[in-house]
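Student: Under my numbering, the residue at position 53 of the sequence shown is numbered 731, and the numbers go up by one with no gaps.
Here a beta-carbon is modelled for each residue, glycine too, at the ideal position from N, C-alpha and C.
Source: prediction; values computed, not measured.
Here it is, the structure, as structure tokens.
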Amino acid sequence: MTEAGRLEVPVWQTGQPAQLRIVPADVEGPVLSEEARALAERVIARYPTRRSALVPLLYLVQSEVGWVPRQGMREVASILGLTTAEVEAVGTFYTMLKLHPCGRFVISICTNPSCALLGGRRLYERAKELLGEQAEHISDDGMFTLEEEECLAACDQAPVVAVNYLFFDRVTEEALDRMIESIRAGNAPEASRGGVPGELKEISRTLAGLREGADGRG
Ligand code: FES
């Protein structure tokens, strides 16, 4: 953290953090509505101890705000009876929890060795060309955040691109162009596994364990 409510994160350039940029890390609270707090209790009830619901509740914050501001971590700490430090230790560990504002679709391109050797870095540069430099934070239209990703554990399908955590295998530059065009047109393509990526808030709600199944259970 640099100053209250701000965070320094690197601007990436194909594998190298280049310079630092300052992004918001906090908002005014409360971020969880009464309804969201009731959902939180529903999630907590599934676990033997309240603290076990920590990660799902952080996804609940992300599903409400679109990212996880410090205020969200403070509210989760108070709901679970944890210290803010305990919540921050977990919240800052998982890269799927976004600690600064993001676009509605997070495009994560793996540039680790297997993917880099098969064009991952070229894909990243192409994505930056298509979305604009600003997309490394949020694209001008608010739709995209572009990020370099560490190994996504699907190296045999390299190069791999994830859109809101759903994987697309063996992606070519042409396929990337079509993918971005389709998302812009409101018609995200089906991932190689796991269906069609929804918007970040929606997928975060699923990760919080709150998507209703056909039987009505979360
Ligand atoms: S190196 Fe890209 S998925 Fe492993």
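Taking DSSP's pairing of strands, which residues face Cys788 in a bridge?
Tutor: In the sequence shown, residue 788 corresponds to position 110, counting from 1. Glu827, per the DSSP bridge assignment.
Student: Less than 6 Å separating the Cβ of Ala836 from some heavy atom of the ligand FES?
Tutor: Here residue 836 is taken as the residue at index 158 of the sequence shown, counted from 1. Yes, since a heavy atom of the ligand FES falls inside the 6 Å radius drawn around the Cβ of Ala836.
Student: Nearer than 6 Å: is that true of the beta carbon of Asn842 relative to any heavy atom of the ligand FES?
Tutor: Residue 842 sits at position 164 when you count from the first residue of the sequence shown. The answer is no for Asn842.
Student: Check whether the Cβ of Cys780 sits closer than 6 Å to any heavy atom of the ligand FES, and report yes or no.
Tutor: Numbered from 1 along the sequence shown, position 102 holds the residue referred to as residue 780. False, no ligand heavy atom lies under 6 Å from that Cβ.
Student: Given a cut-off of 7 Å, decide if Ile816 and Gly781 are closer than it, judged by their beta-carbon atoms.
Tutor: Along the sequence shown, one-based indexing puts residue 781 at 103. Along the sequence shown, one-based indexing puts residue 816 at 138. For Gly781 and Ile816, yes; Cβs fall inside 7 Å.
Student: Starting from Leu888, follow the alpha helix (DSSP H) in both directions and report where the run begins and ends.
Tutor: Locating residue 888 in the sequence shown gives position 210, where the first residue counts as 1. Element bounds for Leu888: n/a, residue is neither H nor E.
Student: For Glu811, is the classification buried or exposed, using 16 other Cβ atoms within 10 angstroms of its Cβ as the cut-off for buried?
Tutor: The residue you call residue 811 lines up with position 133 of the sequence shown. With fewer than 16 other Cβ atoms within 10 Å, it is exposed.
Student: Taking 6 Å as the cut-off, is the beta-carbon of Ser632 closer than that to any non-hydrogen atom of the ligand FES?
Tutor: The question about residue 632 has no answer here: the residues shown for the chain are numbered 679 through 896.
Student: Within its chain, find whatever has a CB closer than 6 Å to the CB of Gly661; leave out the 5 residues flanking it on each side and keep chain order.
Tutor: This structure cannot settle anything about residue 661, because the visible part of the chain is limited to 679 through 896.
Student: Compute the Euclidean distance between the alpha carbons of Glu868 and Val768, then round it to the nearest angstrom.
Tutor: As a first step, residue 868 is located in the sequence shown; it is residue number 190 there, counting from the start. As a first step, residue 768 is located in the sequence shown; it is residue number 90 there, counting from the start. Approximately 31 Å, taken between the alpha carbons.
Student: Looking at Pro734 and Val872, is the spacing between their C-beta atoms short of 7 Å?
Tutor: For this step, residue 872 is matched to residue 194 along the sequence shown. For this step, residue 734 is matched to residue 56 along the sequence shown. Here residue 872 is Gly; the residue named in the question, Val, does not match the sequence. Cβ atoms of Gly872 and Pro734: not closer than 7 Å.
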